[in-house]
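Asker: Residue numbers (full-length UniProt numbering), protein chains in the order written: chain E, 1 to 378; chain H, 1 to 378. From the three backbone atoms N, C-alpha and C, an ideal C-beta is built for every residue, glycine too. Keep in mind it's a predicted model, so treat the numbers as computed, not measured. I am attaching a structure below and will ask some questions about it afterwards.
Below is the structure:
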């Protein structure tokens, strides 16, 4: 019998209400795990991978505050502040701006499943793992997929078509490289909390242009997720004219942290943050080249200033190099992902972690690793 | 032109690569929001609503620790500890046991969208807002729905059918009332972090029986979510035999907090926790009746020990009563939700908050409110 035809239980007899208390006399068959008697063990590390980055004390303190309720007026105030902070970080005046209660991947799904209906067409620029994943998500949601050469990505070209919405993923770039949502004509933009914003992972800023908002609110079908339904989320975030209603229990202290991350960015100023990331990235690139390493992206002008990717030299195993740097120097650097796995190494310098001191530290560790990890020990 | 036929841009011309740096010379049109110059404002409150509950200092401290990476071996160790803690709390030996990176609603969607395919039938016991929401989610996912009288909920009856999987929501009950997943023959069980476990919201324990696991891993179609795909999550949580792979960036410090919440429950012991919640619930019920209030659930034996619901007496507005208690006594209690909105009030006593002292505090505040909030001022 297949699951699809499991209609038999509809004729179940009506039975008396359960007596839950009777269960308490039963014997527990699973004992308390001994390992939970040990204290939580979290080593101190400098996180110079592609994120999460280290969280500064001010943001840790915000996230460590006692909770309030997800429907308290003070919480709505904090959410309004987050919204303003995202509008500044994104450089947008879109009213439909909020934070998703999940990591960047969750925002990617939220963007696609709200803005596109099954049967509609998505053109995906696939130049690495993120394009591959967005393609996977679109297929799961029953969308049609067209190819899009990556070199088409000059924004005004695409966006001049009134038949397209332009979606941009800025998880790794927001705050580190210039993004001006309104001026660049971006219709849907999302990011993550754990990169330049230096908050822990678990919340994801997102914003929709008026065109995107109109398309979402004139869907023929409900979005295939209740948790990520932008109609409900817009109401909970005060983006419509109705009284705010309970939707889900928001990750309250993740929002405290995100609010502080956005406040720090607003205090510093976007231009200063862009400048800082560019300078430290250039300083790192120069240091890598001095070690004889080759940068993965040749053209300096199109390199991401938050994450620097360089080619793994011949004779090295990326796992051995990263493990050496982690174990001996307590620094995380990362290998490639998806198509670049095994071929490159990546160093992230984001927000609080983007300092010349950290560049010196990681270059020192890398030099040490290059001396100790070669297959024919140098 | 409809969105569904937006195929024109496929013939876009090939353009040169973008020059992001050129953007930095543009003018910022959205200034830093002044409100972010104010410090984060979080009032101190006793949270006796239906959750979140207050977070004890030990768990706040765990969540305030500096991050490590989501793929570090120490993180995998912490996730393994969480898994053992959930197996204890759920009283299960299911290998497919993990925490979803989102709140309880996210776990509800994860349960449904993994275990059921579009076109298959779900029988939903609807006795309040949660049944309504699970119904909404199932419809969005294209599932067929059959009605199920709530009085059918005696577990063995339903579960004796080999054609059904039994799904139970224990968000508000886990740790406060006896649940023995394996002995009760539950196939899918999920909960939340922010109730008896006293961690902040943002992670949700879930477990699947062997029958549920087999059904999930023999699906004909991919689940309609990548973020919640149990195949990927099972791998990331070490529930299969393959090396763990990057899936999404886990909410690292939410997992630290959840681990501590589970550790505290394991130290205390499930039986003691059930006993404590029952005693304090009885103490609260007696106090409410002494104030002349009527309990919403008549039969003591089927009342939830974590949240006590009582009838809003004639002549009172629930919003005025809860606002009075919040503003004058800094205590949160809650109104009804969905079908019970406006008709009842709810008091939660969960984990750390389940003490006789808190019962006395809330009864005192409630008595005060009953004296001051009557429409014909008593």
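Could you tell me if residue 322 of chain E is buried or exposed, where buried requires 16 or more neighbouring beta carbons within 10 angstroms of its beta carbon?
Answerer: So residue 322 of chain E counts as buried.
Asker: Please report the straight-line C-alpha distance between residue 82 of chain H and residue 350 of chain H, rounded to a whole angstrom.
Answerer: Cα to Cα, the separation comes out at about 20 angstroms.
Asker: Do three or more CB pairs link the stretch 88-101 of chain E to the stretch 237-247 of chain E at distances below 8 angstroms?
Answerer: Flag = yes, the stretch 88-101 of chain E and the stretch 237-247 of chain E touch.
Asker: Between residue 200 of chain H and residue 251 of chain E, which are expected to be in contact by the criterion C-beta below 8 angstroms, what is the C-beta distance as a whole number of angstroms?
Answerer: About 7 angstroms separates the two Cβ atoms, so the contact holds.
Asker: Under the rule that 16 or more other beta-carbon atoms within 10 Å means buried, what is residue 195 of chain H, buried or exposed?
Answerer: With 16 or more Cβ atoms within 10 Å of its Cβ, residue 195 of chain H is classed as buried.
Asker: Compute the beta-carbon to beta-carbon distance between residue 346 of chain E and residue 50 of chain E, rounded to the nearest angstrom, for a pair I have assumed lies under 8 angstroms.
Answerer: Right, their Cβ atoms sit about 5 angstroms apart.
Asker: Could you tell me whether the Cβ of residue 224 of chain E comes closer than 9 angstroms to any Cβ of chain H?
Answerer: Yes, its Cβ sits closer than 9 angstroms to a Cβ of chain H.
Asker: Determine the direct distance from the alpha carbon of residue 210 of chain E to that of residue 369 of chain E, and round the result to whole angstroms.
Answerer: Whole-angstrom Cα-Cα distance: 51 angstroms.
Asker: Going along chain E, which residues have a C-beta under 7 angstroms from residue 55 of chain H?
Answerer: The answer, in chain order, is 66 and 67.
Asker: Can you name the start and end residues of the alpha helix (DSSP H) that residue 293 of chain H belongs to?
Answerer: Residue 293 of chain H -> no alpha helix (DSSP H), and no H or E assigned at all.
Asker: What residues in the stretch 235-262 of chain E have a beta carbon less than 9 angstroms from any beta carbon of chain H?
Answerer: Hits within the stretch, in order: 246, 247, 248, 249, 250, 251, 252, 253, 254, 256, 257, 259, 260 and 262.
Asker: Between residue 88 of chain H and chain E, is the shortest Cβ-Cβ distance under 9 angstroms, so that the two count as touching?
Answerer: Taking Cβ atoms only, chain E reaches closer than 9 angstroms to residue 88 of chain H, which makes this a yes.
Asker: Please report the distance separating the alpha-carbon of residue 216 of chain H from that of residue 85 of chain E.
Answerer: Spanning the two alpha carbons is a distance of roughly 41 angstroms.
Asker: Per DSSP, residue 429 of chain E forms a beta bridge with which residues?
Answerer: Here chain E comprises residues numbered 1 to 378, so residue 429 of chain E is not present and cannot be evaluated.
Asker: CA-CA distance, residue 156 of chain H and residue 27 of chain E?
Answerer: Per-residue confidence for residue 156 of chain H stands at a pLDDT of 49, beneath the threshold of 50, marking its modelled position as unreliable; no derived number is given.
Asker: Which residues in the same chain have their Cβ closer than 7 angstroms to the Cβ of residue 285 of chain E, if we skip the five residues on either side of it in sequence?
Answerer: Cβ within range, chain order: 295 and 308.
Asker: Got a sec? Which residues, its chain only, sit under 7 angstroms from residue 262 of chain E by beta carbon, not counting five neighbours each side?
Answerer: The residues are 82, 85, 86, 89 and 197.
Asker: Is there a Cβ from chain H that is less than 9 angstroms from the Cβ of residue 108 of chain E?
Answerer: Residue 108 of chain E counts as touching chain H.
Asker: Could you list which residues in chain E have their beta carbon closer than 7 angstroms to that of residue 35 of chain H, in chain order?
Answerer: The contacting residues are 81 and 84.
Asker: For residue 147 of chain E, name the three-state secondary structure that DSSP assigns.
Answerer: Note: residue 147 of chain E maps to strand in three-state DSSP.
Asker: Considering only residues of the same chain and omitting the five flanking positions on each side of residue 128 of chain E, which have a CB-CB separation below 8 angstroms?
Answerer: For residue 128 of chain E, where only same-chain residues beyond five positions count, the Cβ hits under 8 angstroms are 337, 338, 339 and 340.
Asker: Whole-angstrom Cβ separation of residue 343 of chain H and residue 312 of chain H, contact assumed at under 8 angstroms?
Answerer: Indeed, because the Cβ distance is near 6 angstroms, the residues count as touching under 8 angstroms.
Asker: Within the stretch 153-239 of chain H, note down every full alpha helix (DSSP H) run reaching 4 residues or more, in order along the chain.
Answerer: List check, alpha helix (DSSP H) in window: 155-159, 210-216 and 230-236.
Asker: Candidates H:319, H:65 and H:52: which alpha carbon is nearest residue 69 of chain E's?
Answerer: Closest option to residue 69 of chain E, Cα to Cα, is H:52.
Asker: DSSP has residue 100 of chain E in a bridge; who is on the other side?
Answerer: E:204, per the DSSP bridge assignment.
Asker: Would you report the Cα separation of residue 385 of chain H and residue 288 of chain H, rounded to the nearest angstrom?
Answerer: Here chain H has residues from 1 to 378 only, and residue 385 of chain H is not among them.
Asker: Against residue 101 of chain E, what residues of chain H qualify as contacts under a CB-to-CB distance less than 7 angstroms, listed in chain order?
Answerer: By Cβ distance, chain H contributes 102 and 103.
Asker: With residue 62 of chain H and residue 40 of chain E assumed to form a contact (beta carbons below 8 angstroms), what rounded beta-carbon distance in angstroms separates them?
Answerer: Confirmed, about 5 angstroms.
Asker: Residue 368 of chain H versus chain E: which residues are under 8 angstroms apart at the beta carbon?
Answerer: Within chain E, no residue comes near residue 368 of chain H; the closest Cβ sits about 20 angstroms away, beyond 8 angstroms.
Asker: Return the chain-ordered ranges of every alpha helix (DSSP H) run that is complete within the stretch 37-91 of chain H and spans a minimum of 4 residues.
Answerer: Segments of the alpha helix (DSSP H) lying fully in the stretch 37-91 of chain H: 57-63 and 73-90.
Asker: How long is the line joining the alpha carbons of residue 172 of chain H and residue 352 of chain H, rounded to whole angstroms?
Answerer: Near 14 angstroms, if we compare the C-alpha coordinates of residue 352 of chain H and residue 172 of chain H.
Asker: Show which residues of chain E have a CB atom less than 7 angstroms away from the CB atom of residue 45 of chain H.
Answerer: Here the neighbours are 68.
Asker: On the three-pair Cβ rule with 8 angstroms, is the stretch 175-182 of chain H touching the stretch 117-128 of chain H?
Answerer: Counting Cβ pairs under 8 angstroms, fewer than three are found: no touch.
Asker: At 9 angstroms on the CB atoms, spell out the chain H contacts of residue 201 of chain E, in chain order.
Answerer: The answer, in chain order, is 67, 70, 101, 248, 249, 250, 251, 252, 253 and 254.
Asker: Count the other C-beta atoms from every protein chain shown that fall within 10 angstroms of the C-beta of residue 110 of chain H, then say buried if there are 16 or more, exposed otherwise.
Answerer: Result: buried.
Asker: Can you tell me which of the three DSSP states residue 370 of chain H falls into?
Answerer: If DSSP states are grouped into helix, strand and coil, residue 370 of chain H belongs with the helices.
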